[in-house]
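Visitor: Here's a structure for you.
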Amino acid sequence: MKITIFGTGYVGLVTGTCLADVGHDVMCVDVDSDKIARLKAGEIPIYEPGLESMVKHNVATGRLRFTTDAKEAVSFGVLQFIAVGTPPDEDGSADLKYVLAVADTIGEYMQEDKVVVDKSTVPVGTADKVKEAVGKRLASRGVKLGVEVCSNPEFLKEGAAIEDFTHGARIIVGTDSDRVKRLMRECYAPYIRLQEKLMFMDVRAAELTKYAANAMLATKISFMNEIANLAERLGADVEQVRRGIGSDPRIGYHFIYPGCGYGGSCFPKDVQALERTARDVSYDAELLAAVESVNNRQKQTLFTKLANAFDGGLKGRTIALWGLSFKPNTDDMRDAPSRTLMEALWEAGASVQAYDPEAMKECRRLYGERDDLVLAGDRVQAVKGADALVICTEWKEFRSLDFAWLKGQLSMPVIVDGRNLYDPESVREAGLMYYAVGRGDSLIA
Ligand code: UDX
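See the structure below:
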């Protein structure tokens, strides 16, 4: 099957590559000619385990191609996937300019009937807008061609995107057209184990499903962070509470880890966009607003704990920071708690010695060269000469730590752990003060 994918960002690239890998002929198109040139050479712009070799293999077989030629791309695929960005605009709603620009392009160049597949996370009602935009362009060309638009939201997690694409919990397709159902079934047919998980529904339900899923997951995290903050004040250990509630299958163990707040490209943006959508239909989505504000507050807690440990005197201090990405196995720092912390530390006159297994380049790109930021070669270098250690991301390599050694490195024996990685007793036995999230005496008032 011939498939065109607009946008070679995270979603577009993973989708295109995975579809080529199961035998489809895929053409990925992007307006960024540098990016396309690099992709043609097998160089991928993001860090995602397994993706680079898969891109190289499928480019070599000829099933995966990259182009900047939109005309060629539109004539190529029966299915035209839109996987471009939907960044939040000033009021938090998803900005559709890139999505609608692709719709325009499709309308401009199509010479036969097409099926447009919305893969980008777009507000409810976008499929109608895309159809209208294509239709308008067709009308201005004076041609009569058929276009159908369906919604096929992605549920990829960074760091596990290929696994999620190939073995996901479901494939959602929003359409009421039998032709579209047939084509989408054919598109996903190679994923035999996913076949039974192909769910057809109407377009608006599919669009809302994506937001509802992310908002529900974000809610679980903010809920647990709220319980953690309470646990701190009540002298209880939230890790025990987590295991206690997770044992009820109605609650489950997944996604109830308290921490220093959720980040990334999806949860913050999607919760805000859904709140905005609610406002547009005059509904006050109180729970969503609370999920967001609890998260914003949670991202401040590491700084508060540090400031309290140093009695507010952070000026001139050097803080070692482990983990910059918003979660492990990615170099993505969008909305990462590490950024809230670093920016607050700089504001307070402290400097940061940071280490992350993958996100160092990204950190440099975001913040440039500055005197109060040292990017250390490894985690050991990061603590050399530092006053205290803070952990923002639960990378595997941080999980084991020689506490006695660490005590010898820090001028103040303080670990602030935003991910509850260690056993509090062992840390304290080594003579360190341990401030984690929601663990009894983690609160420093
Ligand atoms: C998420 C969704 O999981 C995915 O289905 C959707 O398509 C895109 O958004 P992603 O943003 O890649 O994926 O990361 P995810 O692993 O879900 O983590 C999101 C954030 O929540 C991270 O900052 C993580 O640290 C935090 N988190 C997650 C917690 O704080 N506690 C948890 O229990 C789980």
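Going by our numbering, the final residue of the sequence shown carries number 717, and the count climbs one at a time with no gaps.
We put the CB at the ideal spot given by N, CA and C, even for glycine.
(1) What I want to know is whether the C-beta of I493 ends up closer than 6 Å to one or more non-hydrogen atoms of the ligand UDX.
(2) Of the choices I464, C532, R514, Y534, whose alpha-carbon is the least far from that of Y525?
(3) Provide the residue span of the beta strand (DSSP E) that contains T590, from first to last.
(4) Using beta-carbon positions only, say whether V298 and I275 come within less than 7 Å of one another.
(5) For the alpha helix (DSSP H) containing R335, list its first residue and its last residue.
(6) Grouping DSSP H, G and I as helix and E and B as strand, with all else coil, what is C300?
(7) Let's test the definition: count the other Cβ atoms within 10 Å of the Cβ of D306 and tell me whether it reaches 16, buried, or not, exposed.
(8) Count the CB pairs spanning the segment 382 to 392 and the segment 533 to 549 that are closer than 8 Å, and state whether there are at least three.
(9) Quick test of your reading: S497 and D542, contact by CB under 8 Å. State the CB separation rounded to the nearest angstrom.
(10) Around the Cβ of L647, are there at least 16 other Cβ atoms within 10 angstroms (buried) or fewer (exposed)?
(11) Can you find the residues in the same chain that come closer than 8 Å, C-beta to C-beta, to A561, ignoring five residues on each side of it along the sequence?
(12) Identify, in the order they occur along the chain, each residue of the same chain with its Cβ nearer than 6 Å to the Cβ of V389, setting aside the five sequence neighbours on each side.
(13) Would you check whether the ligand UDX has a heavy atom nearer than 6 Å to the C-beta of F598?
(14) May I ask which residues mark the beginning and end of the beta strand (DSSP E) holding V389?
(15) Does DSSP put K274 in a helix, a strand or coil?
(16) According to DSSP, is M382 helix, strand or coil?
(17) Would you check whether the ligand UDX has a heavy atom nearer than 6 Å to the C-beta of L428?
(18) Are the segment 573 to 583 and the segment 634 to 649 in contact at 8 Å, needing three or more beta carbon pairs?
(19) Once the 5 residues before and after G407 are set aside, which same chain residues still bring their CB inside 8 Å of it?
(20) Taking all protein chains shown into account, decide if P359 is buried (16 or more other Cβ within 10 angstroms of its Cβ) or exposed.
(21) If we ignore side chains and look at the alpha-carbon of each, how far apart do E468 and K343 end up?
(22) Per DSSP, V625 forms a beta bridge with which residues?
(23) Mapping DSSP to helix, strand and coil, what is M473?
Guide: In brief:
(1) yes
(2) R514
(3) 590 to 594
(4) yes
(5) From DSSP, R335 is part of no alpha helix (DSSP H); its letter is neither H nor E.
(6) strand
(7) exposed
(8) no
(9) Per the sequence presented here, residue 497 reads as Asn, with Ser not at that position. With a Cβ gap of about 18 Å, N497 and D542 do not count as contacting.
(10) buried
(11) E547
(12) L351, F353, C422, N424
(13) yes
(14) 386 to 390
(15) strand
(16) coil
(17) yes
(18) no
(19) G379, V419
(20) exposed
(21) 36 Å
(22) With the sequence shown as reference, residue 625 is identified as Gln, and Val is not the correct amino acid for it. Q625 is bridged to A592, V646.
(23) strand
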